[in-house]
Every structure is written in C-alpha cells, then in structure tokens.
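A.B. asks:
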Amino acid sequence: MKIFITREIPEAVIDLLQKKGFEVSVYKKDNPIPRKELIRQVKDCDALISLLSDRIDKEVIESMKKCKIIANYAVGFNNIDVEYAKKKDIVVTNTPDVLTDSTADLAMALVLACARKLPEAEKFVRDKKFVGWKPKLFLGVELRDKYFGILGAGRIGSAVAERAYSFGCKIIYYSNTHNKYLDEKLKGKKIPLNSLLKKADILSIHLPLNDKTNNLLNASNLRLLKKSAIFINTARGDIIDENILIEMLKTNKLFAAGFDVYDNEPNLKIEFYKLKNVIVLPHIGSATVEARNNMSILAAKNIIAVLEGKKALTPVIVN
Ligand code: NAP
Ligand code: GLV
Ligand code: GLV
Numbered sequence: 003m004k005i006f007i008t009r010e011i012p013e014a015v016i017d018l019l020q021k022k023g024f025e026v027s028v029y030k031k032d033n034p035i036p037r038k039e040l041i042r043q044v045k046d047c048d049a050l051i052s053l054l055s056d057r058i059d060k061e062v063i064e065s066m067k068k069c070k071i072i073a074n075y076a077v078g079f080n081n082i083d084v085e086y087a088k089k090k091d092i093v094v095t096n097t098p099d100v101l102t103d104s105t106a107d108l109a110m111a112l113v114l115a116c117a118r119k120l121p122e123a124e125k126f127v128r129d130k131k132f133v134g135w136k137p138k139l140f141l142g143v144e145l146r147d148k149y150f151g152i153l154g155a156g157r158i159g160s161a162v163a164e165r166a167y168s169f170g171c172k173i174i175y176y177s178n179t180h181n182k183y184l185d186e187k188l189k190g191k192k193i194p195l196n197s198l199l200k201k202a203d204i205l206s207i208h209l210p211l212n213d214k215t216n217n218l219l220n221a222s223n224l225r226l227l228k229k230s231a232i233f234i235n236t237a238r239g240d241i242i243d244e245n246i247l248i249e250m251l252k253t254n255k256l257f258a259a260g261f262d263v264y265d266n267e268p269n270l271k272i273e274f275y276k277l278k279n280v281i282v283l284p285h286i287g288s289a290t291v292e293a294r295n296n297m298s299i300l301a302a303k304n305i306i307a308v309l310e311g312k313k314a315l316t317p318v319i320v321n
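In my numbering, the protein residues as written are 3 to 321.
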C-alpha cells in the first residue's frame, strides 16, 4: 500500500504508517506541491494526506486509480470536492478537536493584541521611542463586560467563547443550532446575524467555508458593526468581503481587526500590509507542537482504519 503526503508533516504519521507495513512517500521540497506533480503522485496511491492549500478537485480525484481515502491535514475541508470523492467511493477525513484549543488560543491572542495595540506598542519600544511612562500612551480597551460575538458556535467557536467568558465578556452567538454549553454554562445568547453584528464589541468568526457561508459578511451587513468593534477572522478569508472591511478599517469605522486567514492565500491584498489597526498572521491557527503532532496521528489512524476495511475515525460530513 502506498501513502502519499503532499508536504513534510510531523514524523508521528510516518512511524504509525510504516509500522503497518505501508510505503510512505513524501513531497519533500519546501513549497506547495505543483499540480502536475500532485496529479502524477495520486495516480497509484492507496491513501493521500493533503494540506488545506492543496486543491483536491475533480481533476485530481479523477486521476486517482486506487485511492481509498483523502486524509486532509486540517479541520477545514473546503479545498476538497467532497461530493465528487464520495461518488468515487473515496472517504474524506479531517482533523477535528485536536487543533481546537490551539486555534482558540490564537483567536484570543488576536483579540488581546488588537484590544491593547500590541504590535504598534512593541514596535514603539524597538524603535527606541519609549522615553517614559505616560498616562495616555497606547490606550486600548478592556474585555470585561464587552459583548463577544461568535459566528459559528462549533468546536472552535465554543472554545473561544469559554476563553472570552473567563475574561468577563458577555457571549452572543450566531449559529445553525443552539449550543447547550454556551447557553447553559456561559450564559450565551443565540441571536440573528444582523443583531449580532450591531451588538458585538468583539466579533470572532468560526464558521466553515461552504456555499452558504461564502461572502456571508458583505457590503449589506458589515457596515452594521460598531465603530469601536474588534473584528477577528481565524476561519476562512472567503467568508468575508475583505474589500469592505479594508475600507472600514481605512476610514476608522472599526477599532481594529486581526486576521489569520485571507481569500486567495498567500496573496494578500496590498492594503493589509499598510493598515496600522490591523494584525496579520500567516495562517498559524493550529501551529503548535501539540496540535500538529496530534493532527498527524489522527490522519494516520484514519488511513489505517480505512485501508484495513474499518470505519474512518473522523470522516467529514456534508449536508
Ligand atoms: P465546527 O465544529 O464544524 O464548527 C462550525 C460551526 O458553524 C458549527 O456549529 C456549525 O453549525 C456552524 N455553521 C456552519 N454553517 C453555518 C451557517 N451557514 N450558518 C450558521 N452557522 C453555521 O468546526 P470547527 O472545528 O470549530 O472549525 C471551524 C473552522 O475554523 C474550520 O472549518 C476551518 O475553516 C477554520 N479553522 C482555521 C484554523 C486556522 O489555522 N486559522 C484552524 C482550524 C480551523 P452546525 O454544526 O449545527 O451545522
Ligand atoms: C486550518 O485552517 C484548518 O482548517 O485546520
Ligand atoms: C502600573 O504599572 C501601575 O503600577 O499602575
């Protein structure tokens, strides 16, 4: 059995697969695998480990002659044509739960960094401008008693809500269904999208990207946000109209925004580099030693299960 991995990922995956006697082949160069090479490699693999930056569309799936499982090394799976894989009897799995805390930590780090202007303040010191304590130097905002809006109260949204609640925030959320944990333990309130946008002092996106969420935040509703609001996106760039948000940030219609994800990564809109009230990160939500190791192990376990004729541990479900 041949397993192909589109990039080097933590070794745990290779150990587990090799112990089962599988042949593991890895694209080792430090760049995203070129499409031609991907198509060539998937032709004879029995299982594929893909990254969120690999587009696994019809053409790629069509090239697979004996592949039984596509194990995405991410929880998001918008890079894969899951419907088509299903038609071809290929199981698609992702890596939920094991990266929830890391991603929630990063979202909260962005909230705090925006609220207290950390990048600007840090640069100020490095530029040797710190010449003494000043009552009005880098005034930010406190989190206590602020309305913290969660968009998509799933695994990561709930973990962010838990963190925000411990900072004294009041939780409001927009999601498909009620979240019992948020309702009962965090005194959260599920409210319609437009009400949430109007009310939130902090807004953090944790929706998956799909046909329904693509461009969900756009010209018709983003302008409902408070001028004092902090906007955080660690989900997917295509969920928001970045141009509208950039214009709002440029004209101080928002306090600040923190981004870990963008549409058309890694080609960021030029304005992102220029705005002072914006924090930009290179898609590092799950980038901790713990999460990345456990993602590797989970991907390997999914492959072993499927190739041994058992049920995958974490198959993706499309409604
Ligand atoms: P999840 O548990 O599936 O949570 C998503 C939540 O959004 C669910 O509660 C879901 O409700 C809700 N939802 C889905 N579509 C909706 C819609 N149209 N309207 C309202 N609510 C909707 O997923 P997760 O594990 O928290 O991950 C969320 C996303 O974060 C991933 O898909 C990925 O794109 C992103 N992510 C980014 C990073 C990073 O590195 N920055 C790391 C990890 C994940 P139902 O379940 O009731 O449908
Ligand atoms: C990261 O963005 C993921 O979806 O795991
Ligand atoms: C600040 O350092 C203070 O003591 O209030």
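Each residue gets a CB set at the ideal place from its N, CA and C atoms; glycine is no exception.
With distance defined between alpha-carbon atoms, name the residue in Leu-141, Gly-159, Ile-174 and Gly-142 nearest to Phe-150.
C.D. replies: Looking at the Cα atoms, Ile-174 is the closest of the given residues.
A.B. asks: Tell me Gly-151's beta-bridge partners as DSSP assigns them.
C.D. replies: Answer by DSSP bridge pairing, in chain order: Ile-174 and Leu-205.
A.B. asks: Do Ile-234 and Gly-260 have their beta-carbon atoms positioned less than 8 Å apart in this structure?
C.D. replies: It is a contact, given that the beta carbons lie within the stated cut-off.
A.B. asks: DSSP on Phe-257, reduced to helix/strand/coil?
C.D. replies: If DSSP states are grouped into helix, strand and coil, Phe-257 belongs with coil.
A.B. asks: Would you report the Cα separation of Asp-129 and Ala-123, rounded to the nearest angstrom?
C.D. replies: Each residue's Cα considered, the two are about 10 Å apart.
A.B. asks: Is Leu-108 near Asp-262, with beta carbons less than 8 Å apart?
C.D. replies: Closer than 8 Å, so yes.
A.B. asks: Using DSSP's beta-bridge definition, name the partner residues of Pro-317.
C.D. replies: In the DSSP output, where bridge partners are listed per residue, Pro-317 has Thr-95.
A.B. asks: Near Pro-12, which residues of its chain fall below 7 Å by C-beta distance, leaving aside the five closest residues on each side in sequence?
C.D. replies: Only Arg-294, Asn-295 and Ser-298 meet the Cβ criterion.
A.B. asks: Since Ser-104 and Gly-287 are thought to touch, with beta carbons under 8 Å apart, how far apart are those beta carbons, to the nearest angstrom?
C.D. replies: Yes, they are in contact, since the Cβ atoms of Ser-104 and Gly-287 sit about 7 Å apart, within 8 Å.
A.B. asks: Who are the Cβ neighbours of Ala-314 in its own chain at under 6 Å, not counting the five residues just before and after it?
C.D. replies: So the qualifying residues of the chain are Val-93, Thr-95, Asn-304, Ala-307 and Val-308.
A.B. asks: Could you tell me if the beta carbon of Asp-77 falls within a distance shorter than 7 Å of some heavy atom in ligand 2?
C.D. replies: Residue identity differs from the one stated: residue 77 is Val in this sequence, not Asp. Indeed, a heavy atom of ligand 2 lies less than 7 Å from the Cβ.
A.B. asks: Is any heavy atom of ligand 1 found at a distance shorter than 7 Å from the C-beta of Thr-236?
C.D. replies: Result yes, Cβ under 7 Å from ligand 1.
A.B. asks: Alpha carbon to alpha carbon, how far is Phe-257 from Tyr-275? Give it in angstroms, no decimals.
C.D. replies: Taking the straight line joining both Cα atoms gives about 17 Å.
A.B. asks: In its own chain, which residues sit with a C-beta less than 8 Å from the C-beta of Ile-35, not counting the 5 before and 5 after it?
C.D. replies: So the list reads Thr-8, Arg-9, Tyr-29, Gln-43 and Asp-56, once near-sequence residues are dropped.
A.B. asks: From His-180 to Lys-88, what distance separates their C-alpha atoms?
C.D. replies: Using only the alpha carbons, I get a separation of about 29 Å.
A.B. asks: With DSSP run on the structure shown, which of helix, strand or coil describes Leu-219?
C.D. replies: In this structure, Leu-219 counts as strand in the three-state DSSP scheme.
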